[in-house]
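Student: Chains as they are written, first to last, in my numbering: chain E, 28 to 316; chain C, 273 to 687.
Quick one: structure below, then a few questions.
Here it is, written out as structure tokens:
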């Protein structure tokens, strides 16, 4: 019984961290169709922001993770979009190569500043007991934050004028600009929000992972696979795909090894994309976001 | 169709044979271009994922060369150090080993960090008759007259860890390690040592070097309820384990006894409360209160200033290996490979350095040395137990270089 509870928490946790890592990409790639290969590096920048704020500047860890990291990475997102990404809209392969270059550049810059050494912050709060087992409280809080985050994103996209304009612009930029909307600005803001969410993910995951300049590489493949499997409804699709992949990966990692967990995730992804080539939301939840 | 004639074939093979002979001639006898100097090549990763180990090793190797030169050099000659950076890349290891042996004609290659990289350059240097010194703590088992090893082996290094764990904490050990040859072989050795204590390793789990999420692993360990946990985690990503272990409130629930905790300076990178109480078995700690070590740490910190790192059993290897080799050269009165090997294998090479008394053993080409157990407290090490002059007897039943100098192998434990 205790074991089952522990396992359920682990699975929820796996789903939450995957969904969190994917949130920004769901917007930048899922909605805007911009292949951002520097996604992992945006997370890494968010993590470094949290580390620097808490360790060097002595700012409260929650403020660093929840407020400063997304703002800093959001601003970096605006700079990158203005100087770089906007020239590549609609050219997927070019974007891929350009953002790959960007990821190498960001790794290089961070290495030059901080050195190739491990940084990190301790998880806030202690642990609690599930029967005879111990679980970190922070992991539970993380699950809660991810649920709130996705509800928030969903509400902004469906219930606000901003969300309507963003969705309209992504669906039909020409029509949107005829209606007097500055599509350039909408793209910029959307990219910045996506980058900010990625920074938030980096900050929140910093206490439970290590922070090094190359930390982003571990996230790129799994987040892209998840968002692609999610399909056109970026938010719902990402959430459902995270649910499936997170469960498979955590259960296999628990029962066997993390290697098999990773392999299992890929096998499920291949099978799902074979059965649902348009992604999950191409077949079911079709009207969703 | 290929038109093969007897004449053509003969010409072709003769040509190939001639060029092979020419290459062989170029490679074997050492024609010293400049006989005023002795040349040493260091091959340690100073960039890429392994630079946390390679940078201090290069520094300490450099310091050893500088100190020897300042004291008048070897045999009246200055040592010239060529520093190669293989960038954590196996292909570059092969390339630089060949370059050092064939182009630079070095007297010694001091290098390799992981066992995987050592097994890349060891055969190359053996083929080109260039001496190799390996100075990293490792799983043991190298049996090659051309390769001296000052890193401790499983029997010297893992056995104290296992004995301590089984005696202090209990008979059921859970083992986790990185997923490559060294931690896997160390896992096998841990099982061997468990049997000696009539104890058992209940589970062995291995994680690829890039795994950073240990949630399921921690759940699994809790469920298995071992008496203690033995860790052989390696590299930056795996540091996350200790952080997550602490966050789960497990730090004092199941004790950790490790062979690798601290060699990547994990104890400084983690906060004090995340590392407190973890026990590590190492042949060297910066905190060793030997006069030679206190002096050495001071010299190292003065020499490298802000770039000086917390010295651990891996980082100091560059110094220990170079110094032991220099004793061999002095004893031989020559820097020719055969003479140096003979002198190093005489059994008379003994030295009191920062890591205590060290003796080069002729049977194994390894080094007899001290071991220490220490507990991490507030980001420093409290040494609480020491083992004097451990002998590297790992595979002595199968490897005796005095009887069989042509042995060339990397032996694993037989279970």
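C-beta atoms are modelled at their ideal positions from N, C-alpha and C, and glycine is treated no differently.
Could you pull out every unbroken alpha helix (DSSP H) segment of at least 4 residues lying fully inside the region 571-646 of chain C, listed in chain order?
Tutor: Counting only runs of 4 or more, we get 589-604, 609-616.
Student: Using a Cβ cut-off of 8 Å (strictly closer), state whether residue 273(E) contacts chain C.
Tutor: Counted from its first residue, the first chain places residue 273(E) at position 246. Output row for residue 273(E): interface = no.
Student: When you compare each of 655(C), 415(C), 576(C), 395(C) to residue 668(C) by their alpha carbons, which one comes out closest?
Tutor: One-based indexing of the second chain puts residue 668(C) at position 396. Measuring from the Cα of residue 668(C), the nearest candidate turns out to be 415(C).
Student: Would you check if there are 3 or more beta carbon pairs closer than 8 Å linking the region 289-297 of chain E to the region 64-79 of chain E?
Tutor: Counting Cβ pairs under 8 Å, fewer than three are found: no touch.
Student: In chain order, what residues of the same chain have a beta carbon less than 8 Å from the beta carbon of residue 319(E), not counting five sequence neighbours either side?
Tutor: Since the displayed chain E opens at 28 and closes at 316, residue 319(E) lies outside it and no answer follows.
Student: If we cut at 8 Å on Cβ distances, does residue 35(E) have a partner in chain C?
Tutor: If you number the first chain from 1, residue 35(E) lands on position 8. Closer than 8 Å: no.
Student: Going straight from the alpha carbon of residue 614(C) to that of residue 327(C), what length do you get?
Tutor: Here residue 614(C) is taken as the residue at index 342 of the second chain, counted from 1. Here residue 327(C) is taken as the residue at index 55 of the second chain, counted from 1. Between residue 614(C) and residue 327(C), the C-alpha separation is close to 31 Å.
Student: Run through the DSSP bridge pairs and tell me what residue 654(C) is partnered with.
Tutor: For the purposes of this step, residue 654(C) is taken as residue 382 along the second chain, with counting starting at 1. Per DSSP, 647(C).
Student: What does DSSP give as the partner residues of residue 681(C) in its beta bridges?
Tutor: Along the second chain, one-based indexing puts residue 681(C) at 409. Answer is 415(C), bridged to residue 681(C).
Student: Restricting to Cα atoms, I'd like to know which of 670(C), 687(C), 675(C) is closest to residue 681(C).
Tutor: As a first step, residue 681(C) must be located in the second chain, where it is residue number 409. Per the Cα distances, 670(C).
Student: From this set, 248(E), 98(E), 194(E), which residue's C-alpha is nearest residue 60(E)'s C-alpha?
Tutor: Residue mapping note: residue 60(E) aligns to position 33 of the first chain, counting from 1. Residue 60(E) has its Cα closest to that of 194(E), out of 248(E), 98(E), 194(E).
Student: Are any of the Cβ atoms in chain E nearer than 8 Å to that of residue 478(C)?
Tutor: Taking the first residue of the second chain as position 1, residue 478(C) is located at position 206. Output row for residue 478(C): interface = yes.
Student: Only counting the same chain, and skipping five residues up and downstream in sequence, which positions put a Cβ closer than 6 Å to that of residue 493(C)?
Tutor: Reading the second chain from its first residue, position 221 is the one you call residue 493(C). So the list reads 446, once near-sequence residues are dropped.
Student: Take residue 678(C) as the anchor and find which of 309(C), 419(C), 428(C) has the nearest alpha-carbon.
Tutor: Residue mapping note: residue 678(C) aligns to position 406 of the second chain, counting from 1. When each option's Cα is compared against that of residue 678(C), the closest is 419(C).
Student: In chain A, which residues lie with their C-beta within 9 Å of the C-beta of residue 149(E)?
Tutor: Among the chains of the structure shown, chain A does not appear; the protein chains present are E and C.
Student: Cα-Cα, which of 282(E), 293(E), 283(E) is closest to residue 271(E)?
Tutor: Taking the first chain and counting its residues from 1, the one referred to as residue 271(E) is at position 244. Of the listed residues, the one whose Cα sits closest to residue 271(E) is 293(E).
Student: For residue 509(C), go through chain E and note every residue whose CB falls closer than 7 Å to its CB, in chain order.
Tutor: Here residue 509(C) corresponds to residue number 237 of the second chain, with the count starting at 1. Chain E residues near residue 509(C): 237.
Student: Contact defined as beta carbons within less than 8 Å: I believe residue 337(C) pairs with residue 594(C). What is the distance between those atoms, to the nearest angstrom?
Tutor: What you label residue 337(C) is simply residue 65 of the second chain in a count that begins at 1. What you label residue 594(C) is simply residue 322 of the second chain in a count that begins at 1. Indeed, because the Cβ distance is near 6 Å, the residues count as touching under 8 Å.
Student: Report the residue ranges of all alpha helix (DSSP H) runs contained in full by the region 310-380 of chain C; include only those spanning at least 4 residues, in chain order.
Tutor: List check, alpha helix (DSSP H) in window: 323-342, 362-370.
Student: Could you check where the alpha helix (DSSP H) with residue 29(E) kicks off and where it finishes?
Tutor: Here residue 29(E) refers to the residue found at position 2 of the first chain. Element bounds for residue 29(E): 29-52.
Student: Touch check for the region 537-553 of chain C and the region 428-437 of chain C: three-plus C-beta pairs under 8 Å?
Tutor: Result yes; three or more Cβ-Cβ pairs closer than 8 Å.
Student: Quick check: what's the CA-CA separation for residue 500(C) versus residue 513(C)?
Tutor: Along the second chain, one-based indexing puts residue 500(C) at 228. Along the second chain, one-based indexing puts residue 513(C) at 241. Rounded to the nearest angstrom, the two C-alpha atoms are 15 Å apart.
Student: Straight-line CA distance for residue 244(E) to residue 632(C)?
Tutor: Taking the first residue of the first chain as position 1, residue 244(E) is located at position 217. Taking the first residue of the second chain as position 1, residue 632(C) is located at position 360. Approximately 43 Å, taken between the alpha carbons.
Student: Cβ of residue 286(E) less than 8 Å from any chain C Cβ?
Tutor: Translated into the one-based positions of the first chain, residue 286(E) becomes position 259. True, the Cβ-Cβ gap to chain C drops below 8 Å.
Student: For the region 563-575 of chain C against the region 625-641 of chain C, do three or more pairs of beta-carbon atoms, one drawn from each stretch, fall closer than 8 Å, so that the two count as touching?
Tutor: Yes, the region 563-575 of chain C touches the region 625-641 of chain C.
Student: I'd like the list of long-range same chain contacts for residue 387(C), defined as Cβ closer than 6 Å, with 5 residues on each side in sequence excluded.
Tutor: Along the second chain, one-based indexing puts residue 387(C) at 115. For residue 387(C), where only same-chain residues beyond five positions count, the Cβ hits under 6 Å are 410, 453, 454.
Student: Buried or exposed: residue 218(E), going by 16 or more other Cβ atoms within 10 Å of its Cβ?
Tutor: As a first step, residue 218(E) is located in the first chain; it is residue number 191 there, counting from the start. Buried is the call here.
Student: Measure the alpha-carbon distance for residue 686(C) versus residue 391(C) and round it to whole angstroms.
Tutor: Numbered from its first residue, the second chain carries residue 686(C) at position 414. Numbered from its first residue, the second chain carries residue 391(C) at position 119. Roughly 20 Å separates the two Cα atoms.
Student: First and last residue of the alpha helix (DSSP H) that includes residue 289(E)?
Tutor: As a working mapping, residue 289(E) is identified with position 262 in the first chain. Looking at the DSSP string, the run of the alpha helix (DSSP H) that includes residue 289(E) is 285-302.
Student: Report the residue from 215(E), 251(E), 266(E), 76(E) whose alpha carbon sits nearest the alpha carbon of residue 41(E).
Tutor: Residue mapping note: residue 41(E) aligns to position 14 of the first chain, counting from 1. Selected option, being the one with the closest Cα: 266(E).
Student: For residue 504(C), which three-state DSSP category applies?
Tutor: Counted from its first residue, the second chain places residue 504(C) at position 232. Strand.
Student: At a CB distance below 8 Å, what residues from the region 291-305 of chain E approach chain C? Give them in sequence order.
Tutor: Within the region 291-305 of chain E, no residue has a Cβ that lies closer than 8 Å to any Cβ of chain C.
Student: Helix, strand or coil for residue 404(C), going by three-state DSSP, please let me know.
Tutor: Residue mapping note: residue 404(C) aligns to position 132 of the second chain, counting from 1. DSSP places residue 404(C) in strand when its eight states are reduced to three.
Student: At a Cβ threshold of 8 Å, is residue 494(C) touching chain E?
Tutor: Stepping through the second chain from its first residue, residue 494(C) is reached at position 222. For residue 494(C), the answer is yes, since a Cβ of chain E falls inside 8 Å of its Cβ.
Student: Roughly how many angstroms lie between the CA atoms of residue 30(E) and residue 525(C), to the nearest whole one?
Tutor: For the purposes of this step, residue 30(E) is taken as the residue at position 3 of the first chain. For the purposes of this step, residue 525(C) is taken as the residue at position 253 of the second chain. The alpha-carbon atoms of residue 30(E) and residue 525(C) are separated by roughly 17 Å.
Student: Would residue 678(C) count as contacting chain E if we go by Cβ distances under 8 Å?
Tutor: Within the second chain, numbered from 1, the residue matching residue 678(C) stands at position 406. For residue 678(C), the answer is no, since every Cβ of chain E falls outside 8 Å of its Cβ.
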